[in-house]
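Numbering (the working numbering), first residue to last: 13 to 110.
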């Protein structure tokens, strides 16, 4: 799942929390009851947060198989049409006040 040298790249860095959160998804996929057949850890961040965007790019580069990880800006998520209108309005009001 992870490229060689990933532990050195993650341990004690700003990528550690991403890795720990991603492990939750991976552990669900390995649960003995087989309830979860697929999963993806999706990080949602504001488009103006360049540090977080960079961290997501660096984290993805550590993955041999990135199919269980994705990153998207909150603006992209809200514009995708995948959420109910009331949810979009609530998220805009909370995270993108004008």
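C-beta atoms are modelled at their ideal positions from N, C-alpha and C, and glycine is treated no differently. The model shown is predicted, which means the values in this text are computed figures rather than measured ones.
Distance from residue 56 to residue 89 at the Cβ level is roughly 6 Å; contact confirmed, criterion being Cβ atoms closer than 8 Å.
DSSP places residue 15 outside any alpha helix (DSSP H), giving it a letter other than H or E. In the DSSP assignment, residue 94 falls outside any beta strand (DSSP E) and carries neither an H nor an E.
With a 10 Å radius around the Cβ and a threshold of 16 neighbouring Cβ atoms, residue 67 comes out buried. Around the beta-carbon of residue 95, fewer than 16 other beta-carbon atoms lie within 10 Å, marking it exposed. Residue 74 counts as buried, since at least 16 other C-beta atoms from the protein chains shown sit within 10 angstroms of its C-beta.
Taking each of 60, 107, 103, 53 in turn and checking the Cα distance to residue 77, the smallest one comes out for 53. Ranking 62, 23, 107 by CA distance to the CA of residue 87 puts 107 first.
For the pair residue 13 and residue 38, the CB atoms are nearer than the 8 Å cut-off. Among the bridge pairs identified by DSSP, residue 85 is matched with 57.
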